[in-house]
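The structure appears right after this line, and notes come after that.
Residue numbers (this note's numbering), protein chains in the order written: chain A, 1 to 351; chain B, 1001 to 1260.
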């Protein structure tokens, strides 16, 4: 793999499998998970049938499946799986990037207030009955606005953009937008608007359609490409501002670009799925244990593992109980004990 | 190459810590910077390195002011070796050394095979090839300091600035690090500026010495001119005596009466 070679993992490395191989193993697991995911859900469709339906969209093949199966695969499960892949990739890559940028392994992608901002935008959209596209657009816009406020708030002070000040500022902005969400919930109609807001905030893929996936794919993939190009510089940012500058890094440019990329990705995921918690915090840790701390491998590793994780979690969300569980609730229930387990052996992972 | 400080004053907003420093360091020089705690050695270093603004005066590299230089351009001329510390993630030693290539790579790229070859080369040159794949967080303080020196060498600068590179090291590692620095100066013609708390480092290794504060003029000269009983007594407010160890070299020790 050309990429891994250029970042210093020669194939004669003593560890096996090599880093490049580990990334390929993750990449290969995704199509397998995707094929299985088509079969999982209320109405059974065999993986073979699902594949035939997908292939029939491109090539002319004899049709031997019911119309209903085609609807389920193409209209319901395909966009849903696509959204799960994008969300997992986006949140996990953004989380890994923020953990490096803020030199803190306990940071998640919403540390600068993006989720609270997007939640506020969506709540407002639902309150004024904007319709699904309007709600998403407003969520995305307010997510970006929240992070921008965090950034601008620092301009009034003389403290400068140190990592700690940014995080504290982000926590305050996040709290502010959470208060706005509560205010909206308070005035919302308790019979229909309030449950809609509450359900949206839990994070779910049950109403995702193809248009959502197209809308989110742009910002998420653009942010991901930007992060991929910055990933080696993330290693240096993890050594701190002063050291990075003395090594010749334009830290202001790199930091702004990383925050922009991660915010774009996170805002877009929250806009289509609501708050799918803990993915951006937990997945980078698992990825770090597998591919190591070098961001050259950790960014793609987190992205692949995150995509895999959310696809599998969404399968559980729609098959575990007779009525569907919100995805965000499930990722937090699964993620929390897992994270505690990681913390208990933190010495090996970080130190 | 030559780096010159002309009437440099620096400090924080509203408080000048260091005033009117004049200094020239050339390739092949080994300058030790001494001074009691709190006289602004680190502040002066940070200002020279552009990590905080200078209040007055100018810094010139080969006669040209560096005021409008980019971080990259400056980092190709001057490398900085921080005191060894622990980063939050356990990067491999070779990856830490490769970070020295940042000034040659640019923000949106990764090291090429050529960059990695340079990193491998400096790691071997400093004698740490066997630690290549070990986590930086798992090696000893002395090894970590050497890795940081290797990283600065991968930067391929003309000058190295080192902030107390020996302060946290055991005696053996102190000697090893200083010997390595001397070798680098002789073999590669680097210019090195190093802060230290041990006047004997300056006497035994340095080609020039500068001493700062407290509240007094910044003076420079040869080790034998600066590291004298009078100057050390005055600057550090202690009593020392100079003990000859050979025909040409004396070292300083606390005076007998001060030991009782």
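Every residue gets a Cβ at the ideal spot worked out from N, C-alpha and C, and that includes glycine.
Selection from the options that minimises the alpha carbon distance to residue i
| i | options | result |
| --- | --- | --- |
| residue 1192(B) | 1001(B), 1003(B) and 1029(B) | 1029(B) |
| residue 110(A) | 312(A), 124(A), 145(A) and 42(A) | 145(A) |
| residue 207(A) | 339(A), 140(A) and 79(A) | 79(A) |
| residue 1058(B) | 1246(B), 1101(B) and 1007(B) | 1007(B) |
| residue 1035(B) | 1067(B), 1210(B), 1125(B) and 1241(B) | 1210(B) |
| residue 1224(B) | 1125(B), 1239(B) and 1247(B) | 1247(B) |
| residue 1138(B) | 1202(B), 1087(B) and 1173(B) | 1087(B) |
| residue 286(A) | 273(A), 275(A), 309(A) and 271(A) | 309(A) |
| residue 322(A) | 40(A), 24(A) and 23(A) | 40(A) |
| residue 1076(B) | 1188(B), 1154(B), 1163(B) and 1119(B) | 1154(B) |
| residue 1013(B) | 1052(B), 1061(B) and 1129(B) | 1052(B) |
| residue 1256(B) | 1238(B), 1173(B) and 1145(B) | 1238(B) |
| residue 1188(B) | 1116(B), 1147(B), 1130(B) and 1125(B) | 1125(B) |
| residue 1181(B) | 1220(B), 1147(B) and 1219(B) | 1147(B) |
| residue 317(A) | 203(A), 218(A) and 248(A) | 203(A) |
| residue 1203(B) | 1046(B), 1178(B), 1039(B) and 1214(B) | 1178(B) |
| residue 231(A) | 98(A), 320(A), 270(A) and 165(A) | 98(A) |
| residue 130(A) | 91(A), 196(A) and 47(A) | 196(A) |
| residue 21(A) | 291(A), 265(A), 179(A) and 319(A) | 291(A) |
| residue 105(A) | 58(A), 281(A), 344(A) and 319(A) | 281(A) |
| residue 46(A) | 58(A), 77(A) and 25(A) | 77(A) |
| residue 254(A) | 1143(B), 1170(B), 1108(B) and 1197(B) | 1108(B) |
| residue 192(A) | 167(A), 49(A), 127(A) and 83(A) | 127(A) |
| residue 1184(B) | 1027(B), 1001(B) and 1015(B) | 1027(B) |
| residue 1267(B) | 1042(B), 1149(B), 1024(B) and 1135(B) | This structure does not reach residue 1267(B), given that chain B is present from 1001 up to 1260, and the question cannot be answered. |
| residue 269(A) | 117(A), 239(A), 59(A) and 17(A) | 117(A) |
| residue 1133(B) | 1096(B), 1201(B), 1167(B) and 1009(B) | 1096(B) |
| residue 172(A) | 114(A), 303(A), 121(A) and 299(A) | 114(A) |
| residue 26(A) | 95(A), 184(A), 305(A) and 143(A) | 305(A) |
Outcome for residue i when other beta-carbon atoms lying within 10 angstroms are tallied against a minimum of 16
| i | result |
| --- | --- |
| residue 1104(B) | buried |
| residue 314(A) | buried |
| residue 1017(B) | buried |
| residue 1159(B) | buried |
| residue 182(A) | exposed |
| residue 1037(B) | exposed |
| residue 213(A) | buried |
| residue 1114(B) | exposed |
| residue 1186(B) | exposed |
| residue 1163(B) | buried |
| residue 351(A) | Interpretation of residue 351(A) is limited by its pLDDT of 41, a score under 50 that renders its predicted location unreliable; the figure taken from the coordinates is listed afterwards. Exposed. |
| residue 32(A) | exposed |
| residue 243(A) | buried |
| residue 12(A) | Confidence at residue 12(A) is low in this model, with a pLDDT of 40, below 50, so the placement of that residue should be treated as unreliable; the coordinate-derived value is given next. Exposed, since its Cβ has fewer than 16 Cβ neighbours within 10 Å. |
| residue 123(A) | buried |
| residue 341(A) | exposed |
| residue 1089(B) | buried |
| residue 10(A) | Per-residue confidence for residue 10(A) stands at a pLDDT of 40, beneath the threshold of 50, marking its modelled position as unreliable; the derived number appears in the next sentence. Exposed is the call here. |
| residue 1000(B) | A query on residue 1000(B) cannot be resolved here, the shown segment of chain B reaching from 1001 to 1260 and no further. |
| residue 284(A) | buried |
| residue 1136(B) | buried |
| residue 1171(B) | exposed |
| residue 1215(B) | exposed |
Whole-Å CB distance - residue i paired with residue j, under 8 Å assumed
| i | j | result |
| --- | --- | --- |
| residue 85(A) | residue 307(A) | 4 Å |
| residue 279(A) | residue 198(A) | Going by Cβ atoms, the distance from residue 279(A) to residue 198(A) rounds to 20 Å, so no, they are not a contact pair. |
| residue 297(A) | residue 36(A) | So it is not a contact: roughly 26 Å between Cβ atoms. |
| residue 1078(B) | residue 1157(B) | 5 Å |
| residue 1254(B) | residue 1243(B) | Rounded, the Cβ-Cβ distance is 11 Å, inconsistent with contact. |
| residue 1021(B) | residue 1033(B) | No, residue 1021(B) and residue 1033(B) are not in contact; Cβ-Cβ is about 10 Å, not under 8 Å. |
| residue 1199(B) | residue 1227(B) | 5 Å |
| residue 294(A) | residue 1091(B) | 6 Å |
| residue 28(A) | residue 227(A) | 22 Å between Cβ atoms; not a contact. |
| residue 1049(B) | residue 1218(B) | Contact flag wrong, Cβ pair sits at about 18 Å. |
| residue 154(A) | residue 165(A) | 6 Å |
Interfacial residues, the region 1038 to 1068 of chain B to chain A, with Cβ spacing under 8 Å: Using a CB distance below 8 Å, the part of the region 1038 to 1068 of chain B facing chain A consists of 1046, 1049, 1050 and 1051, ordered along the chain.
Residues, ordered as in the chain, of the region 228 to 258 of chain A that lie near chain B by beta-carbon distance below 9 Å: 229, 230, 231, 232, 233, 235, 236, 238, 239, 240, 241, 242, 243, 244, 245, 246, 247, 248, 249, 250, 251, 253, 254 and 257
Residues in the region 24 to 38 of chain A having any Cβ partner in chain B nearer than 7 Å: Sequence-ordered contacts of the region 24 to 38 of chain A with chain B are nonexistent [C-beta pairs closer than 7 Å].
Against chain B: residues of the region 293 to 316 of chain A by CB proximity under 7 Å: Result list: 293, 294 and 296.
Residues in the region 1169 to 1185 of chain B having any Cβ partner in chain A nearer than 8 Å: Within the region 1169 to 1185 of chain B, no residue places its CB atom closer than 8 Å to a CB of chain A.
Runs of alpha helix (DSSP H) lying entirely within the region 1005 to 1079 of chain B, each at least 4 residues, in chain order: Every alpha helix (DSSP H) stretch that sits fully inside the region 1005 to 1079 of chain B and reaches 4 residues is listed by chain position as 1041 to 1048 and 1071 to 1077.
Within the region 192 to 233 of chain A, ranges of the alpha helix (DSSP H) (whole runs, at least 4 residues): 193 to 202
Cβ-based contacts, 7 Å cut-off: residues of the region 101 to 118 of chain A near chain B: 103, 104 and 105
Contained alpha helix (DSSP H) runs [length at least 4] in the region 1201 to 1232 of chain B, N- to C-terminal order: 1223 to 1226
Any beta strand (DSSP E) of 3 or more consecutive residues that is wholly inside the region 1123 to 1180 of chain B: 1159 to 1162
Unbroken stretches of the alpha helix (DSSP H), 4 residues or longer, contained in the region 24 to 106 of chain A: Whole alpha helix (DSSP H) segments, 4+ residues: 47 to 56, 67 to 71 and 78 to 101.
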